[in-house]
Amino acid sequence: MKDEARLENIEQLKNLIEADPNEHALKEIATLFVNAMNDWPTQNQTNINEYIEELYNYFGNPITKDAILSKTTSDSSEDSWRKESAASLLELLDIAEKQNQEEDLEQLIQTIVKYYQNPSAMTDPVTLVEQFGGYDEKMDLSSYQYPTLELLPNLLQSLFSKIGQEASDYKLPLLLDGSEDLKLREIYHHPNILLAGTIAFGKTQFVYNQLVMWLYLYHPAQLKLVICRSKPVDYNTFATLEKHFSAVSPGAKTPLVEGKQACSTIDAIILECEQRLNLFQKAGVKGVEDYNNKFVSRTLDPNLGHRYLPNIVLVMDDIQTFLDENTIKSLIALTQMNLYTGIYLLAVTSQIMSRKITPQLRANFSVRIGMKLMSQNESKKILDRVGAEKLASPGELIYEQGERLVKGTQPYVEYNFIAAICEFISGQRGYPSAYLLPIYEIELPSIGDFDIETRDQLFIEAAQLIVMHQQGSTALIQRKLKLGYNRAGRIIDQLEAAGIVGPFEGSKAREVLYPDEYTLNLYLDSLTKNNYKIDTPSGSSDQDKNFINNPIERKVHGDKNNDTESALPKNINKLITPQKYNSKILLYLVILTIVTAFLYWMSKV
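Per the numbering used here, the sequence shown starts with residue 3, numbered consecutively.
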């Protein structure tokens, strides 16, 4: 082996496997490896490294299932005893491929040896986590106690007990019907859910029910919540779960997201999603389920950035209150890339007909649920068919199952019971902080280093738009030029660097430093013609705001005698009348005088 392990003796490995108290995929694979090594027909074969070298010599490097098959299925009768013994190696690789996506036998054996060469790690969870990362996703809070059913009202204890029994096979269940005919839905394959209903018909209670169910089913290491709320009275008790079940953007003052914070939070979740997809690619898996299984079985190295990935559920109630052009684009991007990543979106709206909920955004919600709606048009908007307008009682809902609509009923859990459950959890030891999402930063060009040759293609058009409207606004550029926020932000900073708009002043609009398009065009023409490079001070003052009334110094790249040249006349804000128009005006005056004199003469005759 290239990197020989300290644990070399097969008997030692066999004893360690038998002493391993944990049942997991790697233990099963290790047992098969010991059996395969014992089956290999070499006398006194006890050294693992020598065994691997012998396999190299016979099968080649790397030792894959295809390499073994090509050798064992050949017509040659040479070493027939080795070919028969290789069957155990094929069985070993078959299981490894299914459970761990590992195809190289040598790497698989290295993983087994790495796990078992330190016996203390198998009995000391703290050492295990420090050395290898989270073998078991629950070890960090191994003393965590799940909420007890006694915290619920008597009528609901049997329901949640039944949910606990039936949801064990679900990756993440959604409670659709809490009646005796319990109905759950697996949303791993459909991670985006949209619920629409009239106010006061149970939409927020629906979300509460899902959150409570998940709190009963999952350990804090397995589930993280991001809650965007439109009303300050909702979800307050879930804020106490910050160190157990919350995911937040770095620097967030509260785990509950409100108002304009939603867009940056969604962008941070998109970055989390992209990071997960990169980890899947490195691990050779398709989704979070296979990835976590591979991580738990200790075949992924935390030193290479691998980590256990919890489910993240983004709740948006009411979604239309958070939607602007940027948030819509971010949500569309998230809902197009979060499949099998363990990132889910549960959106609630009371205004399904809102134009903010665009057809493209609505189409990305593969699970749609309707509560009481006001009209057939609203029902068609959410379900593509009528039916939701006929619902009457709060808590009733309707959803699509196959080609038919199915009714369901949500249980009512009083808020004081939900608060008691959250208090039970928050009273236990939690993590040092909430789960931190990636930091979302907008990369913008340096204001003091603007070069006309590196300007945006729409720089001139944006400058003309800003001056025409006399409004130094990023939103104006976005709306009129149909650009994203990032690009519009870069353009507005280029305009500031070029001296067309003033510096950022908080909530106030930027000052437009050119009074009309004529003076602006003269300035832009001079920039293009002379290839000027402009440096603007980072600070701002009254003098800075009026600097366009002064000559703009040219950065000379050639003859120093050109230093006295200036880009524009000193008083650029004054209307400049070109000389070629003066002669025309004089001619008009002469003709007007002659005509007037002729008419006066005719009147006297």
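Think of the CB as a built atom: it goes at the ideal place given N, C-alpha and C, for glycine as much as any other residue.
>> Let me make sure I understand the geometry here. Which of GLU99, ASN11, ASN49, GLU402 has the alpha-carbon closest to that of ASP68?
In response: What you label residue 68 is simply residue 66 of the sequence shown in a count that begins at 1. Nearest of GLU99, ASN11, ASN49, GLU402 to ASP68, Cα basis: GLU99.
> Whole-angstrom Cβ separation of ALA88 and ILE70, contact assumed at under 8 Å?
Replying inline: Within the sequence shown, residue 88 is the residue found at index 86, counting from 1. Within the sequence shown, residue 70 is the residue found at index 68, counting from 1. Their Cβ separation, rounded to whole angstroms, is 5 Å, which keeps ALA88 and ILE70 in contact under 8 Å.
> Where DSSP assigns a beta bridge to MET318, which residues make up the other side?
Replying inline: One-based indexing of the sequence shown puts residue 318 at position 316. Answer is CYS230, ALA349.
> DSSP on PRO553, reduced to helix/strand/coil?
Replying inline: Here residue 553 refers to the residue found at position 551 of the sequence shown. In this prediction, PRO553 scores a pLDDT of 34, lower than 50, which makes its location untrustworthy; no coordinate-derived value is stated.
> Do you know how far the Cα of ALA249 is from the Cα of SER435?
Replying inline: Here residue 435 refers to the residue found at position 433 of the sequence shown. Here residue 249 refers to the residue found at position 247 of the sequence shown. The C-alpha of SER435 lies about 9 Å from the C-alpha of ALA249.
> Leaving out the 5 sequence neighbours to the left and right, which residues in its chain are closer than 6 Å to ASP367 when beta-carbon positions are compared?
Replying inline: Taking the first residue of the sequence shown as position 1, residue 367 is located at position 365. Before going on, a small fix: residue 367 reads as Phe here, not Asp. Excluding positions up to five away in sequence, the list reads ASN194, LEU196.
> Using a Cβ-Cβ cut-off of 6 Å (strictly less than) and excluding sequence neighbours within five positions of THR267, which residues of its own chain qualify?
Replying inline: Counting from 1 along the sequence shown, the entry for residue 267 is found at position 265. Here THR267 has SER251, VAL259 as same chain residues with Cβ atoms under 6 Å from its own Cβ, once five neighbours each way along the sequence are excluded.
> What residues are listed by DSSP as bridge partners for ILE384?
Replying inline: Here residue 384 corresponds to residue number 382 of the sequence shown, with the count starting at 1. Answer is none; ILE384 lacks a bridge partner.
>> Per the DSSP calculation, GLY175 is bridged to which residue(s)?
In response: The count along the sequence shown starts at 1 and reaches residue 175 at position 173. The sequence as given places Pro at residue 175; Gly does not occur at that position. In DSSP, PRO175 forms a bridge with GLU188.
>> What does the alpha-carbon distance come out to for the pair LEU311 and ASN488?
In response: For this step, residue 311 is matched to residue 309 along the sequence shown. For this step, residue 488 is matched to residue 486 along the sequence shown. Going by the C-alpha atoms only, they are around 29 Å apart.
> So, ALA241 versus PRO257, is the Cβ gap smaller than 9 Å?
Replying inline: The count along the sequence shown starts at 1 and reaches residue 241 at position 239. The count along the sequence shown starts at 1 and reaches residue 257 at position 255. The Cβ atoms of ALA241 and PRO257 sit closer than 9 Å to each other.
>> With three or more C-beta pairs closer than 8 Å as the rule, is the stretch 226-235 touching the stretch 150-165?
In response: No, they do not touch.
> Any idea if ILE444 is buried or exposed, counting beta-carbon neighbours within 10 angstroms, 16 or more meaning buried?
Replying inline: One-based indexing of the sequence shown puts residue 444 at position 442. Note that ILE444 scores a pLDDT of 48, beneath 50, so its modelled location is shaky; the value from the coordinates is reported in the next line. Classification for ILE444: exposed.
> In three-state terms, what does DSSP make of LYS67?
Replying inline: Taking the sequence shown and counting its residues from 1, one reaches residue 67 at position 65. Collapsing the DSSP output to three states places LYS67 in a helix.
> Relative to the C-alpha of ASP326, which residue among ARG309, GLY307, THR360, ASP106 is closest?
Replying inline: As a working note, residue 326 is residue 324 in the sequence shown. Considering only ARG309, GLY307, THR360, ASP106, the residue with the shortest C-alpha distance to ASP326 is THR360.
> Just reading off the alpha helix (DSSP H) that ALA335 is part of, what are its end residues?
Replying inline: One-based indexing of the sequence shown puts residue 335 at position 333. Annotation: the continuous alpha helix (DSSP H) that includes ALA335 extends over 327-339.
> Do you know how far the Cα of GLU56 is from the Cα of SER72?
Replying inline: For the purposes of this step, residue 72 is taken as residue 70 along the sequence shown, with counting starting at 1. For the purposes of this step, residue 56 is taken as residue 54 along the sequence shown, with counting starting at 1. Cα-Cα distance, rounded: 17 Å.
> In this structure, does DSSP put ASN194 in helix, strand or coil?
Replying inline: Working through the sequence shown from its first residue, we reach residue 194 at position 192. Three-state result, ASN194: strand.
>> Suppose the cutoff is 8 Å on Cβ atoms and the five residues either side in sequence are ignored; what does the same chain contact list for GLN581 look like?
In response: Walking along the sequence shown from the start, residue 581 turns up at place 579. Here the model assigns GLN581 a pLDDT of 47, short of 50, so the residue's position is not dependable and the matter cannot be decided.
> Where do the N-terminal and C-terminal ends of the beta strand (DSSP E) with VAL503 fall, by residue?
Replying inline: Within the sequence shown, residue 503 is the residue found at index 501, counting from 1. Run containing VAL503: none; DSSP gives neither H nor E here.
> Opposite ASN313 in the DSSP bridges: which residues?
Replying inline: Counted from its first residue, the sequence shown places residue 313 at position 311. Looking at the DSSP assignment, ASN313 forms a beta bridge with LEU225.
> Looking at the unbroken beta strand (DSSP E) that takes in VAL415, where does it start and where does it end?
Replying inline: Numbered from its first residue, the sequence shown carries residue 415 at position 413. Taken as a continuous stretch (DSSP letters only), VAL415 belongs to no beta strand (DSSP E), as it is neither H nor E.
>> Using 8 Å for Cβ pairs, my map puts ASP319 next to VAL350. What's the rounded Cβ distance?
In response: Within the sequence shown, numbered from 1, the residue matching residue 319 stands at position 317. Within the sequence shown, numbered from 1, the residue matching residue 350 stands at position 348. With a Cβ gap of about 4 Å, ASP319 and VAL350 count as contacting.
>> Just to confirm my understanding: we take ARG512, look at its own chain, exclude 5 residues before and 5 after, and list those with CB closer than 6 Å. What are they?
In response: Your numbering for residue 512 matches position 510 in the sequence shown. These residues qualify, in order along the chain: GLY474, VAL503, GLY504.
> How do the stretch 163-179 and the stretch 208-217 stand: do at least 3 beta-carbon pairs fall below 8 Å, yes or no?
Replying inline: yes
> Which same chain residues, not among the five before or five after SER356, have their C-beta less than 6 Å away from its C-beta?
Replying inline: Residue 356 sits at position 354 when you count from the first residue of the sequence shown. These residues qualify, in order along the chain: GLN322.
> Per DSSP, GLY2 is paired with what?
Replying inline: The question about residue 2 has no answer here: the residues shown for the chain are numbered 3 through 607.
> Going straight from the alpha carbon of PRO517 to that of HIS471, what length do you get?
Replying inline: As a first step, residue 517 is located in the sequence shown; it is residue number 515 there, counting from the start. As a first step, residue 471 is located in the sequence shown; it is residue number 469 there, counting from the start. Those two C-alpha atoms are separated by around 10 Å.
> Any idea what DSSP makes of ASN37, helix, strand or coil?
Replying inline: Within the sequence shown, residue 37 is the residue found at index 35, counting from 1. In the structure shown, ASN37 sits in a helix (DSSP, three-state: H, G or I).
>> Here's a check: name, in chain order, each residue in its chain whose Cβ is nearer than 7 Å to the Cβ of TYR414, leaving out the five neighbours to either side.
In response: Here residue 414 refers to the residue found at position 412 of the sequence shown. Here the set comprises GLN207, GLY397.
> Residues bridged to SER248 by DSSP?
Replying inline: For the purposes of this step, residue 248 is identified with residue 246 of the sequence shown, where counting begins at 1. Answer by DSSP bridge pairing, in chain order: LEU227.
> Thinking C-beta only, is ILE479 closer than 9 Å to ILE462?
Replying inline: Taking the sequence shown and counting its residues from 1, one reaches residue 462 at position 460. Taking the sequence shown and counting its residues from 1, one reaches residue 479 at position 477. In this structure, ILE479 does not lie closer than 9 Å to ILE462 by Cβ.
>> In whole angstroms, give me the CA-to-CA distance for GLY486 and ASP495.
In response: Along the sequence shown, read from residue 1 onward, the residue named residue 486 stands at position 484. Along the sequence shown, read from residue 1 onward, the residue named residue 495 stands at position 493. Using only the alpha carbons, I get a separation of about 14 Å.
> Under 9 Å between C-beta atoms, does THR256 make it to chain C?
Replying inline: Among the chains of the structure shown, chain C does not appear; only one protein chain is present.
> Can you tell me whether DSSP reads GLY135 as helix, strand or coil?
Replying inline: Reading the sequence shown from its first residue, position 133 is the one you call residue 135. Looking at GLY135 - three-state DSSP - the assignment turns out to be coil, as it is neither helix nor strand.
>> When you compare the CB positions of ARG309 and GLY136, do they come within less than 9 Å of one another, or not?
In response: Translated into positions along the sequence shown, residue 309 becomes position 307. Translated into positions along the sequence shown, residue 136 becomes position 134. For the pair ARG309 and GLY136, the CB atoms are nearer than the 9 Å cut-off.
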